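Novice:
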Amino acid sequence: MFRLSPGATSGNRGIGLLHALLAATVMLFPGRFAAAQDKDPIALFNEASDLADKGLFEEAVAIWLMVADAIPEKYRPVVQVNLGLAYKKLGKLPQAWHHLNRYLEVKPDDAEAAAWLQGVVADLRKTHVLCHVRCQPADARLFVQGESKDAYRCPLDWWFEPGKRLLRGEKEGFDQKLEVVEVAAGKAEQDISIVLVPVEQWGYLEVQGAGKSIQVFLNGMLEGRVPFRRKLKPGTYELMVGRPGELPWKKTVVVAASETVVEKPEVANPVEKPPEDDLSAQLGTPVHVAAKAETRGNSGAWWKWTLLGAGVAAAATGGTFGYLAMKRNDELKGEYPDGTDESPAPVQHQELYDKAYDDEVQPKVISSYVLYGIGGAMAITGGILLLVSTDSDEEGKDREGKLGLAPVALPGGAAMSFTLSW
99 MFRLSPGATS GNRGIGLLHA LLAATVMLFP GRFAAAQDKD PIALFNEASD LADKGLFEEA
159 VAIWLMVADA IPEKYRPVVQ VNLGLAYKKL GKLPQAWHHL NRYLEVKPDD AEAAAWLQGV
219 VADLRKTHVL CHVRCQPADA RLFVQGESKD AYRCPLDWWF EPGKRLLRGE KEGFDQKLEV
279 VEVAAGKAEQ DISIVLVPVE QWGYLEVQGA GKSIQVFLNG MLEGRVPFRR KLKPGTYELM
339 VGRPGELPWK KTVVVAASET VVEKPEVANP VEKPPEDDLS AQLGTPVHVA AKAETRGNSG
399 AWWKWTLLGA GVAAAATGGT FGYLAMKRND ELKGEYPDGT DESPAPVQHQ ELYDKAYDDE
459 VQPKVISSYV LYGIGGAMAI TGGILLLVST DSDEEGKDRE GKLGLAPVAL PGGAAMSFTL
519 SW
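Following this note's numbering from start to finish, the sequence shown increments by one per residue and tops out at 520.
#1: Of all the options T334, V279, A209, which has the alpha carbon lying nearest to the alpha carbon of Q243?
#2: Would you report the Cα separation of H226 and L191, rounded to the nearest angstrom?
#3: Please report the distance separating the alpha-carbon of E156 from that of R174.
#4: Just to confirm before moving on: does the CB-CB distance between V179 and F143 stay below 8 Å?
#5: Need the endpoints of the alpha helix (DSSP H) that S291 sits in, please.
#6: Across which residues does DSSP place R239 in a beta bridge pair?
#7: Kindly indicate which three-state DSSP category P296 falls into: helix, strand or coil?
#8: Flag this pair as yes or no: are the beta carbons of K402 and G480 separated by less than 8 Å?
#9: Hey, how far is the Cα of Y201 from the Cα of V176?
#10: Please state the DSSP three-state secondary structure of Q521.
#11: What's the call for L264, buried or exposed, on a 16-neighbour Cβ count within 10 Å?
#12: Nearest to H447 by alpha carbon, out of A454, K453, D457, Y434?
#13: In this structure, does DSSP put Q78 in helix, strand or coil?
#14: Since A423 contacts L320 with CB under 8 Å, what's their CB separation in whole angstroms?
#15: Counting C-beta neighbours from all protein chains within 10 Å, is the total for E357 16 or more, i.e. buried, or is it exposed?
#16: Does DSSP put L222 in a helix, a strand or coil?
#17: Residues in its own chain within less than 6 Å of L222 by CB, not counting five upstream and five downstream?
#18: How would you call L485, buried or exposed, if buried means at least 16 neighbouring beta carbons within 10 angstroms?
#19: In three-state DSSP terms, what is E458?
#20: Beta carbon of P325, beta carbon of Q299: below 8 Å?
#21: Excluding the 5 residues flanking V159 on each side, which residues of the same chain have their C-beta closer than 6 Å to its C-beta?
#22: In terms of alpha-carbon separation, which member of Y335, V365, V352, K275 lies closest to Q313?
#23: According to DSSP, is G307 part of a helix, a strand, or is it coil?
#24: Determine, using beta carbons only, whether T334 and V360 come nearer to each other than 8 Å.
#25: Taking the straight line between their C-alpha atoms, what separation do you get for A454 and F315?
#26: In whole angstroms, what separates the C-alpha of E429 from that of S465?
#27: Mapping the DSSP letters down to three states, classify V468 as helix, strand or coil.
#28: Whole angstroms are fine: how far does the CA of V459 sit from the CA of L450?
#29: Mapping the DSSP letters down to three states, classify R341 as helix, strand or coil.
Set out below in structure tokens:
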């Protein structure tokens, strides 16, 4: 085997890495490599050549593979040709072909090495198929099961025996790809493609707070209630937090990959529901519209009272729709859970949830806000008209009066009532 000059010890970069790798070999061959950690790459290379001359090719190859990157660059072709010849002696012809090719790329005029390579190719054609492996991305690392424990760099040309072969492609930022390849017998050459898929990046959004019935909307869609945590694709989201019928808290949030955005919106606590026994005292005694209208002597105001009452009823109906939408959305979340990092949910869960949401939840949400708007406008208009008509009464009439409407129950335990005084 070829040797290097002992005096060529300059450029020992990578010697630390060499010693780390050598430790693994010491475990396999303790008697031969006990003192190897104190030697530079060139000395180790020459010791491996001595082992090869004694027929210990496996041990020699182990050392040459370790020093291949640590040895000065100008001597690396010698490492390649020695590896090619050692693999040839071991009967590992694909590896011999690979390393002899790498040597001849640097030393194309070496006729003797070219003759060795031709002999290896002639033997390979009898039992193997030359496969051209191409990867996406092009510079992925490639492992060939059963051929070598070392990683090769794509694109790679390799000789395979006919049958099924397992290839593994790796690259940072991509999911590992295992590809079972069927190498067809009788072919001289075959093309193989390995496509790696980028790792899907995720971020997280948390909405913290205390209180009941606080809803969370993302980009206008009801997504859940506080406390809230959701895995999201990186991007910008419009966040709204609040209770039905109240002005929501809004903010634009940016979710980045592998990061968690935490928001603590200021949402006022609802007014506590008074005890049932004291409810009449809190809201006043209900007054019949017809009786009050008669007291006022304004028999033409019935339609204004009707407008006010219809507005209140519409707003209450809107609250009912909001409650039903929230309840159904919670049920859908239970039917199609998000999953966890350890146990991710099936991909179809999101598709089924989105379809059910669009069909069953979104119409109720829209109806709720429409009824809130219409009911509020009707109630306010009716109240204003009643006040205006009161101001136009004749001078001297009693202007003191009250309007009390019985409470209407809303979702979350709240109550709605109207009292007008003039």
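Idealized CB from N, CA, C, for every residue including glycine.
Every value quoted in this text rests on a predicted model; they were computed, and no experiment measured them.
Specialist: Let me spell this out:
#1: V279
#2: 10 Å
#3: 19 Å
#4: no
#5: Not the alpha helix (DSSP H): S291 falls in the beta strand (DSSP E), residues 287 to 293.
#6: R251, E268
#7: strand
#8: yes
#9: 8 Å
#10: Here the chain covers residues 99 to 520 and nothing more, so residue 521 does not appear.
#11: exposed
#12: Y434
#13: Since the first and last residues shown for the chain are 99 and 520, residue 78 lies out of range.
#14: 7 Å
#15: exposed
#16: helix
#17: L191, W257
#18: exposed
#19: helix
#20: no
#21: A184
#22: V365
#23: coil
#24: no
#25: 17 Å
#26: 19 Å
#27: helix
#28: 13 Å
#29: coil
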